[in-house]
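In the UniProt record's numbering, the protein residues as written are 1 to 699.
Ideal placement from N, C-alpha and C gives every residue a C-beta, glycine not left out.
One structure is given here, and the rest of the page talks about it.
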């Protein structure tokens, strides 16, 4: 069957297909040939913050079908990557994933490595290192950090050192077109000449900075204008150099990206990405150089980049990060305390193009964490999401729960919540990649699913639907909750044997509740061989568990058996990162947890229990003391209660005060007061005498 796409509203058609990635992939691979599938433009309704138009969102319109050519400015490799780099490159990776996985764009992604630069020359000279080896060392260090952060490798990587001929040719053509000039072996871009042309506009991204003298390159007698910038620099003695028609030298910073991006992606390019700090002069100069290279006949034709997407600044406690301020945080130092997933969550919780203020964690002298500060919420969320996935996986492991597949009110309710959230998440993605909005919708899905899990006979099909969607959305933003710490074979064996322990324990508990000790004996003997054949790290635990049960059967004491069941749940299994939960009327549920986190959780519960017990004992002691004090008070004869009080000097025949300490007769108010106290004590004393009388009768 061949579809005539001209008769179908393309936008609606693809909005439908996008909701099911498998469907659209099948559609492309099985239904249409390239000839049959020839859309002029693939529109999803996605709107992005294009730095060319900073005050509005602009709909993303690829230049060719669903293909997107993307260029990203990579690092200048001369030092360790820091948290600002982490934010930029995680942001770029996240947007790339959303475009590719969620919106199903076909992406060709290129990134550069600047391995020839003034900073690299200066730093390598300071350290007495070989220039090329120094740059390569820090490039490898950068890729180690990117791998640790879970950032995908580009489709094409371009290094300056590997594209010198293309850069030189690019510069020559700009000279030929009249927008650059040679001076003492160096080549400079002529900003005034470029601005004079009616077909060009300089500093499209940040025209205000372009007018600021502070933003210009250093004064140089070889330049014709202070605004001009270097395309080629004649090398000084002992500096790295390459041959060119102008001199032995090296390229300027800005020309490198123009030439390499053009070499790989051509003209025009859909999206250019990078940090906001590169907006001017770097990106503005890239644009000017490339327009000067092509020198087309109108401003519209000279549009080299269609969309500039910039990641926002990252400040440390409101200040720019710098070594001089001692707030320079490397990626490696961050990853000593936090996972890459937690860092990605931190960035996802902020709009990618906004200024982000980070309050660093604090450490003691030994490097141990004291306060998490800005990382507190990402760490908490990470555990929350991890628990969700582990709980669902544990339920999936048990297979179908309940045979009745009929949906009731609670199933319809959860399904509607999921459907509404999907619609909202789609709207958030369309709105300039609003990941914080996406995360809040995911939180709502998980919250409602956790409530649903408290119901009896949950529907596995619905749970799988929720699980798969949440997992898919997390994959789209680069959050991976799969456990990859051990080999699949070893992991599968471990999980299988944990399951054997849990099932044996469930059956033994059931028989213990019914006091069917012979059945427990039979069950334990039957499982002894199974335990002996176990090969994972829990084999001995299983064997000891069975032996402890057999040893305690002679007492026929269910309480003793339940102490054994509780011990393996509360003390033994947590040592292997297993959290076992008993559920009324249903099989127990075991969940994989981070061992250290689980043990801390158990210790916290233990301390809380001890605290509650101490508070209970304290209250009981206070209650007993109060009762003793009340009893002592009851023993006092009302006729004697005022006699030793220095406030009174004379009393009537009942021992009630009549005169104060100065010998004055009490007024009516005070007479009423002491009479009231006397009457209250008389009742207590009478009650005490009755208690004594009853006690004597019992004896």
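Check residue 530 in the structure and name its three-state DSSP category.
If you number the chain shown from 1, residue 530 lands on position 530. Looking at residue 530 - three-state DSSP - the assignment turns out to be helix.
Between the Cα of residue 248 and those of 254, 256, 239, spot the shortest distance and give me the residue it belongs to.
As a position in the chain shown, residue 248 is number 248, starting the count at 1. Ranking the options by Cα distance to residue 248, first place goes to 239.
Excluding the five sequence neighbours on either side, which residues of its own chain have a C-beta within less than 7 Å of the C-beta of residue 663, listed in chain order?
Taking the chain shown and counting its residues from 1, the one referred to as residue 663 is at position 663. If we look at residue 663 and ignore the five residues flanking it on each side, its Cβ neighbours are 649.
The alpha helix (DSSP H) spanning residue 546 covers which residue range?
The residue you call residue 546 lines up with position 546 of the chain shown. Residue 546 -> alpha helix (DSSP H) spans 539-552.
Consult DSSP for residue 323 and reduce its assignment to one of helix, strand or coil.
Residue mapping note: residue 323 aligns to position 323 of the chain shown, counting from 1. In the structure shown, residue 323 sits in coil (DSSP, three-state: anything other than H, G, I, E or B).
What residues match up with residue 463 in a beta bridge as DSSP calls it?
Counting from 1 along the chain shown, the entry for residue 463 is found at position 463. DSSP, once it has assigned bridges, lists no residue as partnering residue 463.
For residue 42 versus residue 66, is the C-beta distance shorter than 8 Å?
Working through the chain shown from its first residue, we reach residue 42 at position 42. Working through the chain shown from its first residue, we reach residue 66 at position 66. Yes, they are a contact pair.
Which partner residues does residue 706 have in the DSSP bridge list?
This structure cannot speak to residue 706, because the chain is shown only from 1 to 699.
So, helix, strand or coil for residue 179, using DSSP?
What you label residue 179 is simply residue 179 of the chain shown in a count that begins at 1. Residue 179 falls in the coil class under three-state DSSP.
Over what stretch of residues does the beta strand (DSSP E) that includes residue 186 continue unbroken?
As a position in the chain shown, residue 186 is number 186, starting the count at 1. 186-189 is the span of the beta strand (DSSP E), which, as asked, contains residue 186.
Leaving out five residues before and five after residue 340 in sequence, what residues of the same chain have Cβ atoms less than 7 Å from its Cβ?
Residue numbering aside, residue 340 sits at position 340 when the chain shown is read from its first letter. Result list for residue 340: 148, 149, 150, in chain order.
What does DSSP give as the partner residues of residue 271 in its beta bridges?
Against the chain shown, residue 271 aligns to sequence position 271. BP columns for residue 271 point to 70, 307.
Can you tell me whether residue 427 is helix, strand or coil according to DSSP?
On the chain shown, residue 427 is found 427 positions in, with the first residue counted as 1. Three-state DSSP puts residue 427 in a helix.
Can you say whether residue 190 is buried or exposed, counting buried as having 16 or more other CB atoms within 10 angstroms of its CB?
Mapped onto the chain shown, residue 190 falls at position 190. When all chains shown are included, residue 190 counts as buried.
What residue from 72, 52, 73, 48 has the CA that sits closest to residue 61's CA?
Numbered from its first residue, the chain shown carries residue 61 at position 61. Residue 61 has its Cα closest to that of 48, out of 72, 52, 73, 48.
Identify which residue in 579, 462, 635, 446 has its Cα closest to the Cα of residue 473.
What you label residue 473 is simply residue 473 of the chain shown in a count that begins at 1. Ranking 579, 462, 635, 446 by Cα distance to residue 473 puts 446 first.
Compare the beta carbon distance of residue 106 and residue 68 with 8 Å and say whether it is the shorter of the two.
Within the chain shown, residue 106 is the residue found at index 106, counting from 1. Within the chain shown, residue 68 is the residue found at index 68, counting from 1. Yes; because the gap between Cβ atoms is below 8 Å, this pair is in contact.
Does the beta-carbon of residue 212 have 16 or more other beta-carbons within 10 angstroms, so that it is buried, or is it exposed?
Within the chain shown, the letter at position 212 stands for residue 212. That one is exposed.
Helix, strand or coil for residue 657 per DSSP?
Within the chain shown, numbered from 1, the residue matching residue 657 stands at position 657. Strand.
Quick one: measure Cβ to Cβ for residue 592 and residue 578, integer angstroms, because I've assumed they're closer than 8 Å.
As a first step, residue 592 must be located in the chain shown, where it is residue number 592. As a first step, residue 578 must be located in the chain shown, where it is residue number 578. Yes, residue 592 and residue 578 are in contact; Cβ-Cβ is about 7 Å, under 8 Å.
Please state the DSSP three-state secondary structure of residue 341.
Counting from 1 along the chain shown, the entry for residue 341 is found at position 341. Correct three-state label for residue 341: helix.
Just mark residue 542 as buried or exposed, buried being the case when its beta carbon has 16 or more other beta carbons within 10 Å.
Position 542 of the chain shown holds residue 542. So residue 542 counts as buried.
Among residues of its own chain, excluding the 5 on either side of residue 373, which ones have a beta-carbon nearer than 8 Å to its beta-carbon?
Here residue 373 is taken as the residue at index 373 of the chain shown, counted from 1. Answer for residue 373: 359, 360, 361, 362, listed in chain order.
Which term fits residue 551, buried or exposed, when burial requires 16 or more other beta carbons within 10 angstroms of its beta carbon?
Along the chain shown, one-based indexing puts residue 551 at 551. Exposed is the call here.
Can the beta-carbon of residue 229 be found less than 8 Å from the beta-carbon of residue 281?
What you label residue 229 is simply residue 229 of the chain shown in a count that begins at 1. What you label residue 281 is simply residue 281 of the chain shown in a count that begins at 1. Taking 8 Å as the Cβ cut-off, residue 229 and residue 281 qualify as a contacting pair.
Three or more C-beta pairs under 8 Å: does that hold for the segment 623-643 against the segment 652-660?
The segment 623-643 vs the segment 652-660: in contact.
Taking the C-alpha atoms as reference points, what is the distance between residue 499 and residue 546?
Taking the first residue of the chain shown as 1, we reach residue 499 at position 499. Taking the first residue of the chain shown as 1, we reach residue 546 at position 546. Straight-line Cα distance between these residues: approximately 15 Å.
What does DSSP give as the partner residue(s) for residue 251 in the beta ladder?
On the chain shown, position 251 is the one that residue 251 refers to. According to DSSP, which records beta bridges pairwise, residue 251 is partnered with 232.
Residue 13 to residue 153, Cα distance in whole Å?
For the purposes of this step, residue 13 is identified with residue 13 of the chain shown, where counting begins at 1. For the purposes of this step, residue 153 is identified with residue 153 of the chain shown, where counting begins at 1. Reliability fails at residue 13, whose pLDDT of 34 lies under 50, so the model's placement of it is uncertain and no value is given.
Starting from residue 129, trace the beta strand (DSSP E) in both directions and tell me its first and last residue.
One-based indexing of the chain shown puts residue 129 at position 129. Premise fails: residue 129 is in no beta strand (DSSP E) and is neither H nor E.
By a C-beta neighbour count over all protein chains shown, 10 Å radius and 16 as the cutoff for buried, is residue 412 buried or exposed?
Numbered from 1 along the chain shown, position 412 holds the residue referred to as residue 412. So residue 412 counts as exposed.
Please say whether residue 580 and residue 590 have beta carbons closer to each other than 8 Å?
To locate residue 590, count along the chain shown from 1; it is residue 590. To locate residue 580, count along the chain shown from 1; it is residue 580. Going by C-beta atoms, residue 590 is nearer than 8 Å to residue 580.
Among 185, 205, 210, whose alpha-carbon lies nearest the alpha-carbon of residue 192?
Here residue 192 is taken as the residue at index 192 of the chain shown, counted from 1. Out of 185, 205, 210, 210 has the C-alpha closest to the C-alpha of residue 192.
Under 7 Å Cβ to Cβ from residue 370, same chain only, skipping five residues before and after it: list those, please.
In the chain shown, counting from the first residue as 1, residue 370 sits at position 370. Hits under 7 Å: 362, 363, 364.
In chain order, which alpha helix (DSSP H) runs of at least 4 residues are fully inside the segment 330-412?
Here the runs fully enclosed are 331-337, 340-348, 376-397.
Identify, in the order they occur along the chain, each residue of the same chain with its Cβ nearer than 6 Å to the Cβ of residue 59, setting aside the five sequence neighbours on each side.
By one-based count along the chain shown, residue 59 stands at place 59. If we look at residue 59 and ignore the five residues flanking it on each side, its Cβ neighbours are 47.
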